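A.B. asks:
Following this line, the structure appears as structure tokens:
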């Protein structure tokens with residue numbers, strides 16, 4: 001049965017009168033007061049309340065306090081046991097969560113209740129609603145300037161061990177045999193005894209971890225053969241083939257091996273370069289993938305506001321406006337469009353967005369322009385410094401080429417699928433830069449042919465050389481400090497959970513936690529000495 005107490009409810013008697021004035025002021029001025037006044041009332045309790053019966057069953061924990069506790073757990077990077085202790089005994093938490101009663105019904109929380117509520121939120125992707133509503137509330141209260149924002153990604157890891165190829169095979173086989181023994185003992189007895197001995201005896205997996213480098217190839221061939229035999233043995237058995245651990249065996253086989261027609265050697269290992277980056281990295285976390293640059297795990301896209309006015313910087317709130325968890329192998333080039341769409345839906349769309357070159361594809365720039373966002377990002381790819389490029393030509397404000405690198409105007413311009421620009425032969429024949437110039441000799445003119453995309457990229461490269469671009473782009477570096485703060489305060493880079501749903505839940509609420517702690521710091525900086533607290 002639902003238990004909901006309106007945080008905006010007024011009290012006849014002050015429930016916090018037992019606090020001394022100075023302690024009361026510290027609570028109201030710090031993050032507890034901010035949380036109680038602005039975050040708690042805005043939580044989407046209705047979304048989680050529908051998962052409980054309104055009339056039947058035992059009374060739930062007060063749902064506003066419960067959702068608030070989930071946020072605070074991620075904000076301060078606490079275990080379930082530590083969270084229960086804080087919920088039961090910490091006055092700051094009681095003040096923030098508006099828990100005014102002294103009964104166990106109000107101030108006691110079991111780990112199972114915490115887990116159940118967290119599972120409801122994670123399973124139904126409610127963390128996005130919690131983050132968006134909380135962020136919008138802070139943006140409104142602190143009058144955040146959203147015109148200028150920046151975006152970047154950070155690599156994070158779930159609670160899984162790093163495995164090599166032998167480890168992936170052996171762990172997958174071990175997990176399958178354990179589950180087969182538990183669920184289908186009769187089928188388990190049909191497995192060859194030597195395979196059971198290799199993977200289920202005491203310290204069996206430890207033996208694979210201690211394989212000498214000189215013997216790794218031989219061991220890898222053996223474990224791949226064992227995995228293939230298990231897949232073949234049970235593929236015609238519907239009950240076993242439906243098991244999740246059996247499907248992992250099939251996935252490993254498809255990702256790591258090639259099947260052959262040779263009866264003596266039916267399975268052949270793929271070369272490492274042939275293995276896809278989204279292949280299974282650990283059976284305990286099948287959602288984790290591999291990034292050649294950063295390794296196994298996930299990545300989080302972060303977009304935040306920033307202030308480039310040094311006089312206002314200290315009292316301005318840099319707010320994380322967008323957070324999205326992705327597999328580690330995803331490219332940043334594909335993250336910009338959904339990020340713009342998300343902040344636009346939340347009415348937090350910037351006018352200027354700064355990003356590194358991975359986000360700065362021509363398609364992304366065009367999409368940003370269509371949505372009235374100016375993307376400040378270097379163009380991808382290197383330019384041959386020993387030759388002239390399209391960026392060395394002179395462009396008009398309308399994006400048309402008005403002169404070559406030597407200063408000569410075009411003699412002819414024709415546009416079809418590509419723009420064809422002709423330069424007079426008498427100029428090009430005697431030009432000292434002819435050997436390094438991209439123009440090609442034609443019947444009447446020397447021609448430069450380029451697409452609209454190439455023209456746009458060239459103009460971006462010209463802009464990148466300017467002091468104006470350098471002055472604007474230098475603010476992108478500040479996002480690295482945000483990534484450091486994100487990890488330092490919340491422990492996001494090494495999570496205690498596995499699986500994309502649990503990882504997304506933690507990373508999203510931790511980002512909201514950073515916003516709350518930042519808002520509390522700005523609130524303290526905005527305090528007026530003569531009049532106590534500021535309006536927010």
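In our numbering, the protein residues as written are 1 to 536.
Ideal placement from N, C-alpha and C gives every residue a C-beta, glycine not left out.
Just so you know, these numbers come straight off a predicted model, no measurement behind them.
1. Using 10 angstroms around the beta-carbon of residue 271, count the other beta-carbons present and answer buried if the total reaches 16, otherwise exposed.
2. Work out the CA separation of residue 87 and residue 108 for me, nearest whole Å.
3. Counting only the same chain and skipping the five closest in sequence on each side, list residues whose C-beta sits under 8 Å from that of residue 351.
4. Considering only the beta carbon of each residue, do residue 433 and residue 410 sit closer than 9 Å?
5. Should residue 162 and residue 296 be called a contact, given that it needs their Cβ atoms to be closer than 9 Å?
6. Report the rounded CA-to-CA distance for residue 388 versus residue 423, giving the unit in angstroms.
7. For the alpha helix (DSSP H) holding residue 363, just list the boundary residues, first then last.
8. Express the C-alpha separation of residue 276 and residue 70 in angstroms, rounding to a whole number.
9. My guess is that residue 121 and residue 48 are in contact by the Cβ rule of under 8 Å, so how many angstroms apart are they, rounded?
10. In this structure, does DSSP put residue 531 in helix, strand or coil?
11. Where does residue 11 fall in DSSP's three states?
12. Can you tell me whether residue 537 is helix, strand or coil according to DSSP?
13. From residue 126 to residue 485, what distance separates their C-alpha atoms?
14. Considering only residues of the same chain and omitting the five flanking positions on each side of residue 157, which have a CB-CB separation below 6 Å?
15. Considering just the uninterrupted stretch of the alpha helix (DSSP H) at residue 34, what are its terminal residues?
16. Starting from residue 457, follow the beta strand (DSSP E) in both directions and report where the run begins and ends.
17. So the candidates are 300, 242, 251 and 226; which of them puts its Cα closest to the Cα of residue 266?
18. When the distance is taken between beta carbons, is residue 67 closer than 9 Å to residue 515?
19. I'd like to confirm the pairing. Which residues does DSSP put opposite residue 395 in its beta bridges?
20. To which residues of the same chain is residue 97 closer than 6 Å at the C-beta, ignoring the five residues directly before and after it?
21. Exposed or buried, which one is residue 194 when buried takes at least 16 other CB atoms within 10 Å?
22. Take every Cβ of the stretch 129-136, pair it with every Cβ of the stretch 272-291, and state whether three or more of those distances are shorter than 8 Å.
23. So, are the CB atoms of residue 245 and residue 176 less than 9 Å apart?
24. Rounded to the nearest angstrom, what separates residue 324 and residue 504 at their Cα positions?
25. What number of angstroms, rounded off, separates the C-alpha of residue 479 from the C-alpha of residue 353?
26. For residue 62, which residues of its own chain have a beta-carbon under 6 Å away from its beta-carbon, when the five flanking residues on both sides are left out?
C.D. replies: So, from the data block:
1. exposed
2. 7 Å
3. 147, 148, 372, 373 and 374
4. no
5. yes
6. 16 Å
7. 362-370
8. 36 Å
9. 7 Å
10. In this prediction, residue 531 scores a pLDDT of 47, lower than 50, which makes its location untrustworthy; no coordinate-derived value is stated.
11. coil
12. In the structure as shown, the chain begins at 1 and stops at 536. Residue 537 is therefore absent and cannot be evaluated.
13. 24 Å
14. 297 and 494
15. 31-34
16. No beta strand (DSSP E) holds residue 457; the alpha helix (DSSP H) holding it covers 452-464.
17. 226
18. no
19. 401
20. 65 and 68
21. exposed
22. no
23. yes
24. 8 Å
25. 12 Å
26. 3 and 5
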